[in-house]
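Scroll down for the structure; my scribbles are underneath it.
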């Protein structure tokens, strides 16, 4: 097994052990570099600043070093969202690299803003890219900041980048064969495909579409359709492209969800996208946006409740409260209108603008009239098939019957309606509807039937027994075609089931199953042809004539089946009918005693039945079941989409009259025809033409102005929808996000950074040089201090914090912040020892903690009361002891004089001296018996220090929560603090 790890033979006596070693070791970091990265991780601003300053002078560390995870100091600061340290690192010109991409992926908006506004100082030299590990980069070369931001779908970051006029490469067409695409695919096909996928993933971002597109709904439609087509070409990434297509569909649907009124909904759905159609005054395209949605198969958008509500209102126009009526009333109303469709049609022909003429133009009435007309046509087909009018059955060219003469106008009306539909919608749109293909087949069969009957009537005049007619007689072929067309006409009625909520999903499932049947037939035909060829080859030599068979009958239709596999066509028929159990096993026998041939033939026949019945037929059942379940899972969306397509066919102008009245020229059509003929034959004078041009120009200008106003209204509605969508998206993300591990890491980082920031508030000090003892229980820290000048006002005072190592678990943490930032001395603002930078770094937390000295004292007192259970009486010169653990009572209140402390105890304590730059007061401030080792602290500022006394030092979990819980229990402390009294705070263990 060890040979799998190493090439050389292992001669170790421990043969049952696999020796392990690091074979891809990385460069080790120095101790200073580890401390530098650790300080960045913990948020220690002072240590990071000190390390950077030393690096500029001594070059002792590489400020661009990386940890074992490949993170530089800048990336660590971005991950911890520490903007102060980021700004510090950038000010020292650290290597930026992919920091912007890293910040975008982490969705740190502040870091992105900082990096976007960062400009490398002139004259500075950046780290060469070759010195960095470019192969370790987490991002591919084709990823740009805007693409990565679009992948994360962060609205704020995308907005920042879009405002800077960034661009995204325009993807080529799906089947583009340009030189660039071909060469890129040949050089590296994987990179070419991944690059295309990354571009489309960015373009499909809802936030990017909402920000950068003038018509986000139309953009989502087209992009979703393009991604769906691309999934058929890029089979390797089919799932990814389909998911992106579904994402675009959801975005369009969610955007429509934000509509709050019918006016907004009408403006959206009636918006026209094609500029040529907008400026054409002769065309009126209602619900143009909805037609585009149907064209691009945006089922979620069409089935959206707001859209369906508007469609239902338009569909039942003129029938208020239709859905609330009883089903019997609805049925009676529909039957009455259906029976009166001839009256309504004649009224429309005579007076289109009359009350009845306008009544039949309503979509619901138009649908009922067309349905009534088609049911009448089916009734006449039923009469024709029953041969109510008897004719000579042996006449070779019979004349048309009365029923057939009545059917002819309907057939002509159907053909004229299909021609108009193809002319208005275009050939491509016409052929993409399966019902139109069925109508085309049905009308073609009727035309062929009529043509053959005319040929038979003209060519054959006499009467002759039908048994003597030839097989391809025109009358026989016409009767066969007429029978097939009757079947198609009856099945065409299924399309009307879409209007019903119960039959609609069933009809959609049936249509989906037809696709499965076609797939099954392709495989079945291959199996059928294979076995038919083999059986025919085996039994071809044993074919017999009809005279040799009983009753002179040859074939499988005889009483005793024979010659089932004599020809290829006969073999195909035999195998097909054997699926339904209509073929006997003895057809594999031969008259000669050739048992081996019979055995092989029977085996082949049995194998065919096993494959076709057991395997293929069950596979077909499983496929149909899967298709039905797929429709059932989305039954509501599928049915509403199909119903909308049916409704939209009746919303358009035209096709008002049902067959056969649609072939009757209306007075309006006659008037338009006569007017056109007059204009062609008798052209007007130049003055008339000039007047017409002026009128056309006027109407064109008015139409253009109306379109501009409508487009302005549309943009206002879209702007409101986008705002609502973004707000809803942010609310949803916050609700679904909850508490994660990243939140706890961020909180931990904030607390750690807060600790070091409190230490920085002690003043502008040099970073301490720390020396740690070998003892695990005692750590000594020494800082450089400035000596006091006797007889003069010292500008820097030394305050000593003595820490006794009494208990191993007794820790000290920073608790108190400076209560006032600037003191007024001699009418000039001066610093009390805290640089203004520290206030900027701390942000809101500093403002919250330094709002009021009195309020801070109250909260501090409540902390004492909670931790001790009582409030001790302060002495005239109070001295506080603060720690993370339980505060010892006898260390809390002591005499403030430093000389009263036992010197023997002081000798055993490790001292830590911290220099504090304080503002010297005027001559009113004096030392009252204080020793030089313990100077006075200003009354307007309260300081705290922290000493490291053990390795398990802990910080208060959340200082803000503690401060918020402090109350008014420390009021008696406030009364003891007098103006001019000097306060001294000592931190002890």
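In UniProt numbering, the protein residues as written are 1 to 989.
No residue lacks a Cβ here, since even glycine has one placed at the ideal position from N, Cα and C.
Every unbroken alpha helix (DSSP H) inside the stretch 314–382 [4 residues or more]: Runs of alpha helix (DSSP H) with 4 or more residues, each lying fully within the stretch 314–382, are found at 327–339, 341–350 and 355–359, listed in chain order.
Pull up the distance between the alpha-carbon of residue 786 and that of residue 25, whole angstroms please. Numbered from its first residue, the chain shown carries residue 786 at position 786. Numbered from its first residue, the chain shown carries residue 25 at position 25. Annotation note: pLDDT 40 at residue 786 (below 50); position unreliable, no value reported.
Could you give the residue range of the alpha helix (DSSP H) that holds residue 607? Residue mapping note: residue 607 aligns to position 607 of the chain shown, counting from 1. 595–609 is the extent of the alpha helix (DSSP H) around residue 607.
Would you be able to state if there are at least three C-beta pairs under 8 Å between the stretch 220–235 and the stretch 166–183? yes
Assess contact between the stretch 675–684 and the stretch 333–346, defined as three or more Cβ pairs (one per stretch) separated by less than 8 Å. Is contact present? no
Cβ distance (whole Å) where residue 40 is taken to contact residue 85 below 8 Å: Within the chain shown, the letter at position 40 stands for residue 40. Within the chain shown, the letter at position 85 stands for residue 85. About 6 Å separates the two Cβ atoms, so the contact holds.
Endpoints, the alpha helix (DSSP H) within which residue 102 is located: Position 102 of the chain shown, counted from the first residue, corresponds to residue 102. Start and end: 99–106.
Once you ignore the five residues that flank residue 265 on each side, which residues in its own chain have a CB closer than 6 Å to its CB? Here residue 265 refers to the residue found at position 265 of the chain shown. Excluding residues within five positions, the ones whose Cβ falls inside 6 Å are 259, 306 and 310.
In chain order, what residues of the same chain lie with their CB nearer than 7 Å to the CB of residue 461, ignoring the 5 residues before and after it? Residue mapping note: residue 461 aligns to position 461 of the chain shown, counting from 1. Cβ within range, chain order: 397.
Which of helix, strand or coil does DSSP assign to residue 72? Along the chain shown, read from residue 1 onward, the residue named residue 72 stands at position 72. Residue 72: strand per DSSP, three-state reduction.
Apart from the five residues just before and just after residue 513, which ones in its own chain have a Cβ nearer than 6 Å to its Cβ? Translated into positions along the chain shown, residue 513 becomes position 513. So the list reads 624 and 627, once near-sequence residues are dropped.
C-beta contact flag for residue 414 and residue 438 at 9 Å: As a working note, residue 414 is residue 414 in the chain shown. As a working note, residue 438 is residue 438 in the chain shown. Going by C-beta atoms, residue 414 is not nearer than 9 Å to residue 438.
Could you tell me the alpha carbon to alpha carbon distance between residue 427 and residue 304, rounded to whole angstroms? Counted from its first residue, the chain shown places residue 427 at position 427. Counted from its first residue, the chain shown places residue 304 at position 304. For residue 427 and residue 304, the distance between alpha carbons rounds to 29 Å.
Would you check if there are 3 or more beta carbon pairs closer than 8 Å linking the stretch 194–208 to the stretch 158–173? yes
When the Cα atoms are used, what is the spatial distance from residue 48 to residue 734? Here the question's residue 48 lines up with position 48 in the chain shown. Here the question's residue 734 lines up with position 734 in the chain shown. For residue 48 and residue 734, the distance between alpha carbons rounds to 34 Å.
Could you tell me whether the Cβ of residue 514 comes closer than 9 Å to any Cβ of chain B? This model lacks chain B altogether, as it is built from one protein chain only.
Output needed for residue 556: all residues of its chain with C-beta closer than 6 Å, excluding positions within five of it in sequence on either side, in chain order. For the purposes of this step, residue 556 is taken as residue 556 along the chain shown, with counting starting at 1. Once the five neighbours on either side are set aside, the close Cβ partners of residue 556 are 564 and 574.
Measuring alpha carbon to alpha carbon, tell me which of 183, 206, 366 and 117 ends up nearest residue 163. Translated into the one-based positions of the chain shown, residue 163 becomes position 163. The shortest C-alpha separation from residue 163 is found at 117.
Taking the Cβ atom as the reference point for each residue, do residue 82 and residue 712 lie within a distance shorter than 9 Å? Position 82 of the chain shown, counting from 1, holds the residue named residue 82. Position 712 of the chain shown, counting from 1, holds the residue named residue 712. Taking 9 Å as the Cβ cut-off, residue 82 and residue 712 do not qualify as a contacting pair.
Rounded separation between residue 497 and residue 506 - CA only: Mapped onto the chain shown, residue 497 falls at position 497. Mapped onto the chain shown, residue 506 falls at position 506. Computed Cα separation, rounded: 9 Å.
Within 10 angstroms of its Cβ, does residue 298 collect 16 or more other Cβ (buried), or is it exposed? Translated into positions along the chain shown, residue 298 becomes position 298. With 16 or more Cβ atoms within 10 Å of its Cβ, residue 298 is classed as buried.
I need the DSSP call for residue 147, collapsed to helix, strand or coil. Locating residue 147 in the chain shown gives position 147, counting from the first residue. Note: residue 147 maps to helix in three-state DSSP.
For the candidate residues 372, 161 and 144, whose alpha-carbon lies nearest to that of residue 114? The count along the chain shown starts at 1 and reaches residue 114 at position 114. That would be 161, whose Cα lies nearest to the Cα of residue 114.
In the DSSP assignment, find the unbroken alpha helix (DSSP H) run with residue 300 in it and report its ends. Here residue 300 refers to the residue found at position 300 of the chain shown. First-last of the alpha helix (DSSP H) with residue 300: 299–302.
If you check the beta carbons only, do residue 374 and residue 503 fall under 9 Å apart? On the chain shown, position 374 is the one that residue 374 refers to. On the chain shown, position 503 is the one that residue 503 refers to. Cβ atoms of residue 374 and residue 503: not closer than 9 Å.
Quick one, which of 538, 155, 312 and 466 has its alpha-carbon nearest residue 643's? Position 643 of the chain shown, counting from 1, holds the residue named residue 643. Comparing Cα-Cα distances from residue 643 to each of 538, 155, 312 and 466, the minimum goes to 312.
What number of angstroms, rounded off, separates the C-alpha of residue 918 from the C-alpha of residue 92? As a first step, residue 918 is located in the chain shown; it is residue number 918 there, counting from the start. As a first step, residue 92 is located in the chain shown; it is residue number 92 there, counting from the start. In this prediction, residue 918 has a pLDDT of 35, which is less than 50 and means its spatial position is unreliable; what the coordinates show is noted afterwards. Cα atoms of residue 918 and residue 92: separation of roughly 29 Å, rounded to the nearest angstrom.
Take residue 446 and list the residues in its own chain whose beta-carbon comes closer than 6 Å to its own, dropping the five residues that flank it on each side. Taking the first residue of the chain shown as position 1, residue 446 is located at position 446. Excluding sequence neighbours, residue 446 sits near 411 and 485.
Alpha-carbon spacing of residue 366 relative to residue 345, whole angstroms: Taking the chain shown and counting its residues from 1, one reaches residue 366 at position 366. Taking the chain shown and counting its residues from 1, one reaches residue 345 at position 345. So the alpha carbons of these two residues sit roughly 10 Å apart.
Under 6 Å Cβ to Cβ from residue 267, same chain only, skipping five residues before and after it: list those, please. As a working mapping, residue 267 is identified with position 267 in the chain shown. Same-chain partners within the cutoff: 713, 714 and 717.
Entirely within the stretch 465–520 and at least 4 residues each: give me those alpha helix (DSSP H) ranges in chain order. 474–491
Can you tell me which of the three DSSP states residue 30 falls into? Walking along the chain shown from the start, residue 30 turns up at place 30. The answer is coil: DSSP assigns residue 30 none of H, G, I, E or B.
To the nearest angstrom, how far is the alpha carbon of residue 640 from that of residue 255? Looking up residue 640 in the chain shown gives position 640. Looking up residue 255 in the chain shown gives position 255. Distance between the alpha carbons of residue 640 and residue 255 is about 19 Å.
Note the first and the last residue of the continuous alpha helix (DSSP H) segment covering residue 206. Taking the chain shown and counting its residues from 1, one reaches residue 206 at position 206. Per DSSP, residue 206 is one residue of the alpha helix (DSSP H) stretching across 206–212.
Cα-Cα separation, residue 761 to residue 54: Within the chain shown, numbered from 1, the residue matching residue 761 stands at position 761. Within the chain shown, numbered from 1, the residue matching residue 54 stands at position 54. A straight-line Cα-Cα distance of about 22 Å links residue 761 and residue 54.
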